[in-house]
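Residue numbers (mature numbering (1 follows the signal peptide of the UniProt record, and there is no 0)): -26 to -1, 1 to 407. Think of the CB as a built atom: it goes at the ideal place given N, C-alpha and C, for glycine as much as any other residue. First up is the structure itself, then whatever we jot down about it.
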């Protein structure tokens, strides 16, 4: 009996210790003060990026006064906090972003349309005012006031930190670590009991719910199924007289793929054809060695440079093209491109790993290049977001003919398309491909 009592006391002790630890964690935001002497009714320790949010919400006039605190990724980095009126995530977010400009911390606004900041609107869909920022002890704090729609009770929030800015002053993309991609959730503005005080006091239960799945995680597995060969791909020819064993109409963006695969040496000869999004736009086709989606893709991208169509290579390691490597993890050669009748064609040969039978493919089209020569981000329409899949290379080879001809029906290639919406927002992210 004595032993049972002792065990019970041990359990109580453990629970008490856990409570103390939890209480200690929740004291982080309550201990913070601001140089401008602002005070807020509520605060919360955000679950990622060592960030904090303080706010006061007036439901009478739907006004939100807030302060966001986070350490930038580097000493010259940036921090941002945003409200997304439509979904939990970055695309569509209305953001306040603080960065250092000539030694002074300033706040800029971005209506985010894609993962390419240069395509963002500098005007928000919300009215904001009293914007300011301060930098101290390795953290940046953003202050601001927002006019929200009437009867707003909760908001989709996103927060982030990044490494710095480009030479033209645009924010450089953030890392894709779990802490970054999970920095989003739902914030309930109204307190549920507990009095507010002039000092920074947490509400009884301000709720922050992490998103169901981090950005970049597939919401469905790649599917596979037979591709149908149409007369459209069969009727195409190329100015360089190249011929291929197989062709297929890709299911999105009006694109086509032609290829010949030599299983004996694992070499792939291919041609990708797609209509341009704009007269000065770009097209791209990629193989992703690890997953169906953009991040990790090894891309061939064709664009116009001084009136000539050229092919560039990008090893995509993040949503921001400037962070990509120009060297691919595959050996590629005989790269070229041609343009005709509003379409662009990419030609290339790839050395694949031995015994490769299928590849994860991604394809995309974009509007053009920015003043620095980097491809601009593509649209985020369903056709763009779903342009990915699994291409099965194997099967009986058929003889080539003088013009590009498809395989016979008994040896038709199969194209499996995996609809991974969140991964492909990254593709757009990529700003570019």
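Length-filtered (3 minimum) beta strand (DSSP E) runs lying within the segment 26 to 62: 26 to 32, 37 to 44 and 52 to 58
How many angstroms separate the CA atom of residue 154 from the CA atom of residue 148? Translated into positions along the chain shown, residue 154 becomes position 180. Translated into positions along the chain shown, residue 148 becomes position 174. Roughly 7 Å separates the two Cα atoms.
Inspect the beta-carbon positions of residue 339 and residue 365 and report whether they are closer than 8 Å. Stepping through the chain shown from its first residue, residue 339 is reached at position 365. Stepping through the chain shown from its first residue, residue 365 is reached at position 391. Not closer than 8 Å, so no.
Using only CA atoms, which one of 60, 75 and 212 lies nearest to residue 138? The count along the chain shown starts at 1 and reaches residue 138 at position 164. Minimum Cα distance to residue 138 is reached at 75.
If you run the structure through DSSP and keep just helix, strand and coil, what is residue 161? For this step, residue 161 is matched to residue 187 along the chain shown. If DSSP states are grouped into helix, strand and coil, residue 161 belongs with the strands.
CB residue 25 to CB residue 42, shorter than 8 Å? Residue 25 sits at position 51 when you count from the first residue of the chain shown. Residue 42 sits at position 68 when you count from the first residue of the chain shown. Closer than 8 Å, so yes.
What span of residues does the alpha helix (DSSP H) with residue 152 cover, start to end? Start at 1 with the first residue of the chain shown, and residue 152 comes out as number 178. Element bounds for residue 152: 152 to 155.
Rounded to whole angstroms, what is the Cα-Cα separation between residue 110 and residue 47? For the purposes of this step, residue 110 is identified with residue 136 of the chain shown, where counting begins at 1. For the purposes of this step, residue 47 is identified with residue 73 of the chain shown, where counting begins at 1. Roughly 14 Å separates the two Cα atoms.
Identify whether residue 16 lies in helix, strand or coil by the three-state DSSP scheme. Here the question's residue 16 lines up with position 42 in the chain shown. Strand.
So what does DSSP say about residue 21, is it helix, strand or coil? For the purposes of this step, residue 21 is identified with residue 47 of the chain shown, where counting begins at 1. Three-state DSSP puts residue 21 in coil, outside helix and strand.
Can you grab the Cα-Cα spacing for the pair residue 97 / residue 131, in whole Å? The sequence position of residue 97 within the chain shown is 123, counting from 1. The sequence position of residue 131 within the chain shown is 157, counting from 1. Those two C-alpha atoms are separated by around 18 Å.
List the residues that DSSP assigns as beta-bridge partners of residue 244. Within the chain shown, residue 244 is the residue found at index 270, counting from 1. In DSSP, residue 244 forms a bridge with 233 and 322.
Using a Cβ-Cβ cut-off of 6 Å (strictly less than) and excluding sequence neighbours within five positions of residue 257, which residues of its own chain qualify? For the purposes of this step, residue 257 is identified with residue 283 of the chain shown, where counting begins at 1. Within the same chain, residue 257 has close Cβ partners 248, 276, 318 and 339.
Check whether the segment 26 to 42 and the segment 7 to 18 touch, using three or more Cβ-Cβ pairs below 8 Å as the test. yes
Got a sec: is the Cβ-Cβ distance from residue 339 to anything in chain D below 8 Å? Here chain D cannot be found, since the structure has a single protein chain.
Judging by CA-CA distance, which residue of 101, 164, 112 and 133 is the nearest neighbour of residue 126? Taking the chain shown and counting its residues from 1, the one referred to as residue 126 is at position 152. Closest by alpha carbon: 164.
Can residue 273 and residue 287 be called in contact, C-beta distance under 8 Å? Against the chain shown, residue 273 aligns to sequence position 299. Against the chain shown, residue 287 aligns to sequence position 313. Going by C-beta atoms, residue 273 is nearer than 8 Å to residue 287.
DSSP three-state call for residue 349: helix, strand or coil? Position 375 of the chain shown holds residue 349. Strand.
Assuming residue 136 and residue 51 form a contact by the criterion Cβ under 8 Å, report the distance between their Cβ atoms to the nearest whole angstrom. In the chain shown, counting from the first residue as 1, residue 136 sits at position 162. In the chain shown, counting from the first residue as 1, residue 51 sits at position 77. Confirmed, Cβ separation roughly 5 Å.
For the segment 230 to 248 and the segment 205 to 217, state whether three or more C-beta atom pairs, one from each stretch, are separated by less than 8 Å. yes
Which partner residues does residue 104 have in the DSSP bridge list? Taking the chain shown and counting its residues from 1, the one referred to as residue 104 is at position 130. The partner list for residue 104 (beta bridge, DSSP) is empty, contrary to what the question assumes.
With a threshold of 8 Å on Cβ separation, who are the neighbours of residue 241 within its own chain once the five nearest residues in sequence on each side are excluded? One-based indexing of the chain shown puts residue 241 at position 267. Cβ neighbours of residue 241 beyond the five flanking positions: 235, 323, 324, 325 and 326.
If we count the other Cβ atoms within 10 Å of its Cβ and call it buried at 16 or more, is residue 151 buried or exposed? Within the chain shown, the letter at position 177 stands for residue 151. It counts as exposed.
By DSSP, does residue 335 sit in helix, in strand, or in coil? Counted from its first residue, the chain shown places residue 335 at position 361. Note: residue 335 maps to strand in three-state DSSP.
Ignoring anything shorter than 3 residues, give me the beta strand (DSSP E) runs that lie fully in the segment 241 to 309, in order along the chain. 241 to 249, 256 to 262, 272 to 279 and 282 to 289
Inter-residue spacing [alpha-carbon to alpha-carbon] between residue 11 and residue 114: Walking along the chain shown from the start, residue 11 turns up at place 37. Walking along the chain shown from the start, residue 114 turns up at place 140. If I take the Cα positions, the gap works out to 16 Å.
Candidates 244, 360 and 9: closest to residue 225 by CA position: Taking the chain shown and counting its residues from 1, one reaches residue 225 at position 251. Among 244, 360 and 9, the Cα nearest to that of residue 225 is on 360.
Here's the rule: buried if 16 or more other CB atoms are within 10 angstroms of the residue's CB, otherwise exposed. What is residue 86? Counting from one through the chain shown, the residue named residue 86 turns up at place 112. It is buried - the Cβ of residue 86 has at least 16 other Cβ atoms within 10 Å.
Which residues in the same chain as residue 377 place their Cβ atom closer than 8 Å to its Cβ, once the five residues preceding and following it in sequence are excluded? For the purposes of this step, residue 377 is identified with residue 403 of the chain shown, where counting begins at 1. Summary for residue 377: the model assigns pLDDT 30, below 50, so the residue's position carries little reliability, and this model does not support an answer.
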